[in-house]
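Each remark here refers to the structure printed beneath this line.
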Amino acid sequence: MQCKDIPDLPILQFLADLDASDEWPTSWGTWHVYEYEGQPSPPNSVTRAMPDKEATPSKLVQAKMRGLIERGLVDGCTCGCRGDYELTEKGIAMLAAGGKS
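If you use our numbering, the sequence shown closes out at 978, no skipped numbers anywhere.
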């Protein structure tokens with residue numbers, strides 16, 4: 878699997894839904910995959926929006942998020958820390974347009 882095989886919209890929708898969720902106290906996403914309360918990853922992990930969920934390698938998840946940041950759809954950090962991913966205005970507009978940029 879490559880970054881091009883991972884659709885953008887599920888990730889953008891996942892990040893948009895974080896703002897509306899009471900399940901997690903922050904509105905930003907992370908790329909981490911680790912056990913959280915018996916679950917394979919925390920509720921704010923963008924791995925949950927990947928086609929293979931937690932089976933997607935973390936380096937691929939980070940590369941996909943780096944691409945979304947470079948395209949201006951997401952803001953955050955690509956150094957390998959938490960990520961702190963949030964939608965940008967451009968990402969919100971793309972989501973509202975159903976994926977058409």
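Just so it is clear, CB atoms sit at the ideal spot from N, CA and C, and this is done for glycine as well.
Which whole-angstrom value describes the C-beta separation of residue 963 and residue 953, a residue pair presumed to lie in contact below a C-beta threshold of 8 Å? The Cβ separation is near 6 Å, so the contact holds.
Please state whether the Cβ-Cβ distance between residue 941 and residue 927 is less than 9 Å. Their beta carbons are under 9 Å apart, which means residue 941 touches residue 927 by this criterion.
If we ignore side chains and look at the alpha-carbon of each, how far apart do residue 976 and residue 885 end up? 8 Å
Quick check: is the beta carbon of residue 941 nearer than 9 Å to any beta carbon in chain D? Included in the structure is just one protein chain, with no chain D present.
For residue 922, tell me which candidate among 961, 946 and 879 has the shortest Cα-Cα distance. Nearest of 961, 946 and 879 to residue 922, Cα basis: 961.
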